[in-house]
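In UniProt numbering, the protein residues as written are 1 to 142.
The C-beta atom is built at its ideal place from N, Cα and C for all residues, glycine as well.
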Amino acid sequence: MNRVLVPVDGSKPARSALEYALEQFPDAELTLLYVVDPMVDYSRRRAYPGYTSDDEHTTEREKGEAILESSLEAIPDDRVVETALEGGPPAQTIVDYADEHEVDTIVLGSHGRDGVSRYLLGSVAETVVRRAGVPVTTVRGG
């Protein structure tokens with residue numbers, strides 16, 4: 001496997017997935033992907049009427065940049081890693097990115113929700129597993 005995509009969101013499961021990818025794919029090209037979810041902007045605008053979409057998008061983008069920078073700090077200095085920041089629904093954006101960039105595998109963290117909470121909240125990991133055209137490894141963390 002030459003190209004490994006590791007979606008990151010600042011969570012413990014995402015950090016565990018990054019650690020797993022570093023250990024299991026020592027010679028692979030890693031790409032860390034942060035997805036800016038437009039629904040976060042929408043939800044905050046509805047909950048806090050004074051926010052503009054421009055302000056909120058910048059905030060979410062800055063959050064993504066900070067998470068990518070923080071994730072890079074966990075990478076050994078001799079390891080070359082790319083980062084990407086994309087906007088869209090998280091699961092579909094991850095799958096699309098993998099397709100468009102010829103990724104060989106995806107390693108992502110899973111919160112391990114089940115039952116009603118998974119039904120109500122949805123599961124990015126589950127959707128990626130179902131829709132991705134490449135192997136997906138989910139790593140529970142936390």
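- THR83 is a Cβ neighbour of LEU32, given a cutoff of 7 Å.
- Between PHE25 and VAL8, the C-beta gap is not smaller than 7 Å, which leaves the two residues out of contact.
- Between ALA91 and VAL124, the C-beta spacing is below 7 Å.
- Looking only at LEU22, GLY109, ARG131, GLU102, the smallest Cα-Cα distance to GLY10 is reached by GLY109.
- The beta carbons of VAL35 and GLU86 sit about 6 Å from each other, so the pair counts as a contact at 8 Å.
- Ranked by how close their Cα comes to the Cα of THR137, the residues ASN2, ARG15, LYS12, ALA21 have ALA21 in first place.
- Cβ contact annotation for ARG131 (same chain, cutoff 8 Å, sequence separation greater than five): ALA91, GLN92, VAL95, in chain order.
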